[in-house]
Every structure is written in structure tokens, then in C-alpha cells.
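One structure is given below, encoded as C-alpha cells.
Protein chains in written order, with this note's numbering: chain V, 1 to 221; chain A, 1 to 221.
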């Protein structure tokens, strides 16, 4: 455990031995199969999550249950908002779900908060992590406001194809809509349009990319 | 100056006398007439802005020049992002414009950053402020994604009427669109619709609210 914490938390080397041991004792490792919810209820103060290996999708849901992907956590990334109970002024909730088999370390909210309140390196790291997430969210806001949805869908398809190293994307139209924060019907209509233009081939639960170059071009518009 | 800093910055009392004097010497006061840009260029590292009195609109702009209001700073509020050069990992730009005559204090970016890097109370305050802004942005994201635009327009009109303590809102349709992050034509069409339903009366550069109750009702949908 000490090893993982040392690799993922830049402030770890600046802690006292006592602090290191305390943090380590308050952390535990979990293996998540693909599709497992790590945090799916708003009142769940799970703790601070570090992804040792794998990929975790962080998303928000509206009152009506519509989802949008905020960002993804990959190797070494940490999520602060899964412990919103321990963070002052965080008045929103994010959900976490593994997209592939993932190994995560969960740090108990109270112990991290104690360190954040008493250790300058931890407070500074937290500030930098918050700034970085805020930049992600502002980028997404700009996309949502200013990019056409067909361009965002094309961009998502190309990104998923790169992640999977395959032209065949096994995501339902519902799942694609949940990444983009829109309704399934809208995605269905757009995908049919893409199909009629020879960009993709639709099958049940999968989208095959036929003309990646054209999708890349569309994603830049 | 010491007085303003002491009133607006909760960490000020925890600084050493030397730090207090340094911060004070690095701060200066500015009076902004209504409509003045405090920060309108992306490469301007203005500094950390504290609003002593008045109201400052914080907004982002797209590449095409479309605006959306992120939040407003009123008495005692501080903006971190007007000094993005001094904040690690802040990769976005916000613009600041006074909405009424405002008195602001500007703290030089370098000196605040130095304190943030060396003082735990300053680092903790910065974390809380970042969390609070992130919550504002997430609230806005939820609105943009999940609320109908007519409902957001009704909400804006009611809010502006409350701020001005008047039913007559002297904002152009362009300005209303810039608050909401949409195109002027969309706002024009909606306002005409509101007018035909007896909710508002349109004149050049102003919107008069006729049926506030109905607008409030619509804003909750």
C-alpha cells in the first residue's frame, strides 16, 4: 500500500513517518470488474479514490436520470469528489463506474481531510488537483455550449475507438447518449445520419467505424 | 487597505505581521464605472480580485465570441481565475466586467502565489474557494444540460428584476443571450413568445416584466 501511495501522491514523500503510516492504514485496495458502480448514491461518502490500474468514468446525473461524462480517471489519477462529505463547499455529486477491470485504492475521507487541514504539501496538492478538474469541467462546458452535437458524437466515437484500439465500439446508443449528456433519441437520429453518409455501420449494441478520417474531420468542426 | 484585506480574507488574521504587510503592499484599490472591463484579454494576468463594493460579472467566451455568465462577485467575494498565470493547472480564461460602479482590490499574482505556497491557512482558503467556484460551475452545467432555455430565461429575468428592485430591466437581447450562453436570435424569439403570452412587454433595450408570478412559475420548470 505504501508503494501505491508513494507512486500516486506527489506529497507523500513530504509527510512524516507517522503521517505516512496513518494514511496507509486508512487506505484499502479494491478490484472492480468492468461496469461496477463505485459510487452510485448521492449520500455515499465513499472516500478519496486513486486508480492504480484501469479506467473509471466520472459522471453526473440530472434529477431525471440523464447522465454526462465529466472525465475519466486512469492510472495514478485521484478523485476528490467521491468524498464530498470531507470537502468544504463541494455541493454537487459525481458518480463513479469502472469501464474496464480496475484496481483502485480508497482513502478514508476523515484521514485525508485531517492531513489536508494540517499539512501544507497536502493542501497544495489538493489545490492543484481541484484546479485541474475545474479546467476539465470548463473545457466540457465550452464543448457543450459551443460545439455541434454531431461533432461531439464524432469526437466520442474516434476517442472510444482509440481507447479500444478497434473500429468496433460495443456501446449502446443509450450509453453514447449518457457520455454526451443528451437523449438517446437524439443519438439514434444522428447515428442513422452518419450511417447514411457511410461513416459508420450500426448493429445491435455496437457501432462500427467505417470512415474514421471523415469522423475525425467532423470532430474538429 | 489592511482593513479591507482583514474583512475579506478569512486567513488574514493567521498571517505574520511581515506577511500582512507584504500582502497589503502588493494590493491596490480601483474604482470601476459600470460596464468597465477589468479583464478582457486572455493573456492579461491581472491579479487576484476582491470586490469591496459593487457587482462584477465573471464570464467565459467561446472562440466565436459567444459569452456565458459563470457567476457574479459581490461584496467581499474574491476571484482566483483573474490571476490564472499564478495558479497551476488553470487552463481556462474568464473575463471580468463591472455591472455597476464597483470598488475592487487587486492583489498582485506573484505575492499571493508565494503565500499560497508557504502558508497553510492561505492554501486551505484557496482550496475552499476553488471548491465553491467548482460547485457554481457544476450547478450551471446542470442548468445548461437539463433545463429548457425558456425556463432559464425566465429565471434570469426574475433574478435581474430582484437585483435592480424594479420590473424594468435595461438589458439588450444581446446581453441577455450573453448571460445564458446562447444566440441573440434565440432570445429574441423567446421574448416575443413571452410577450404574446402577456409575461413581458418589450421596448428598445429594455424588458418590462408584466406577470412576475408566471415567470417565477416558468423558471421552476
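Glycine included, C-beta positions come from ideal geometry on N, C-alpha and C. Bear in mind the structure is a predicted one, so any value in this text is a computation, not a measurement.
Check                                                                                                                                                    : Outcome
Cβ-based contacts, 8 angstroms cut-off: residues of the region 140-161 of chain V near chain A                                                           : 140, 141, 142, 144, 145 and 146
Whole-number beta carbon distance between residue 7 of chain A and residue 76 of chain A, since they are thought to touch under 8 angstroms              : 7 angstroms
Other residues of its chain near residue 221 of chain V: CB distance less than 6 angstroms, five sequence neighbours each side excluded                  : 151
Minimum Cβ-Cβ distance from residue 56 of chain V to chain A less than 7 angstroms                                                                       : no
CB of residue 131 of chain A within 7 angstroms of CB of residue 87 of chain V, strictly                                                                 : yes
Spatially closest choice to residue 59 of chain V from V/69, V/153, V/65 and V/40, by CA coordinates                                                     : V/69
Near-chain A residues of the region 111-124 of chain V (beta-carbon distance less than 8 angstroms), N- to C-terminal order                              : 116, 117, 118, 119, 120, 123 and 124
Residue 202 of chain V beta carbon near the ligand MN (any heavy atom closer than 6 angstroms)                                                           : This structure lacks the ligand MN; in fact it carries no ligand of any kind.
Whether residue 96 of chain V touches residue 56 of chain V by CB criterion (7 angstroms)                                                                : yes
Chain A contacts made by the region 177-191 of chain V, where a contact means CB separation under 9 angstroms                                            : 181 and 182
7 angstroms CB neighbourhood of residue 103 of chain V in its chain, flanking five on each side removed                                                  : 29, 31, 52, 53 and 54
Given residue 82 of chain A as reference, the closest of A/119, A/40, A/141 and A/65 once Cα atoms are compared                                          : A/40
Min CB distance residue 92 of chain A to chain V below 7 angstroms                                                                                       : yes
Contacts of residue 126 of chain V in chain A (Cβ-Cβ under 7 angstroms)                                                                                  : 127
Residue 26 of chain A classed as buried or exposed, judged by whether at least 16 other C-beta atoms fall within 10 angstroms                            : buried
Contiguous alpha helix (DSSP H) assignments of at least 4 residues, all confined to the region 25-88 of chain V                                          : none
Beta-carbon gap between residue 211 of chain V and residue 198 of chain V smaller than 7 angstroms                                                       : yes
One or two residues paired with residue 101 of chain A in a DSSP bridge                                                                                  : DSSP, once it has assigned bridges, lists no residue as partnering residue 101 of chain A.
Residue from V/73, V/176 and V/74 with nearest C-alpha to residue 153 of chain V                                                                         : V/176
Contacts around residue 85 of chain V, its chain only, beta-carbon distance under 7 angstroms, and the 5 residues preceding and following it disregarded : 45 and 109
Selection of the region 55-79 of chain V by Cβ proximity to chain A, strictly under 9 angstroms                                                          : 60, 62, 63, 64, 66, 68 and 70
Cross-chain neighbours of residue 41 of chain A in chain V, by beta carbon under 9 angstroms                                                             : Per Cβ cutoff of 9 angstroms: no residues; residue 41 of chain A is ~18 angstroms from chain V at best.
Classification of residue 16 of chain V by the beta-carbon crowding that lies within 10 angstroms, buried from 16 upward                                 : exposed
Own chain partners of residue 2 of chain A with C-beta closer than 6 angstroms, once the 5 adjacent residues on each side are dropped                    : 24
Nearest-angstrom Cα separation, counted from residue 169 of chain A out to residue 201 of chain A                                                        : 11 angstroms
Alpha-carbon spacing of residue 14 of chain V relative to residue 125 of chain V, whole angstroms                                                        : 11 angstroms
Cα-Cα separation, residue 182 of chain V to residue 148 of chain A                                                                                       : 13 angstroms
Where the beta strand (DSSP E) through residue 201 of chain V begins and ends                                                                            : 200-203
Residue 73 of chain V versus residue 79 of chain V - alpha carbon distance                                                                               : 8 angstroms
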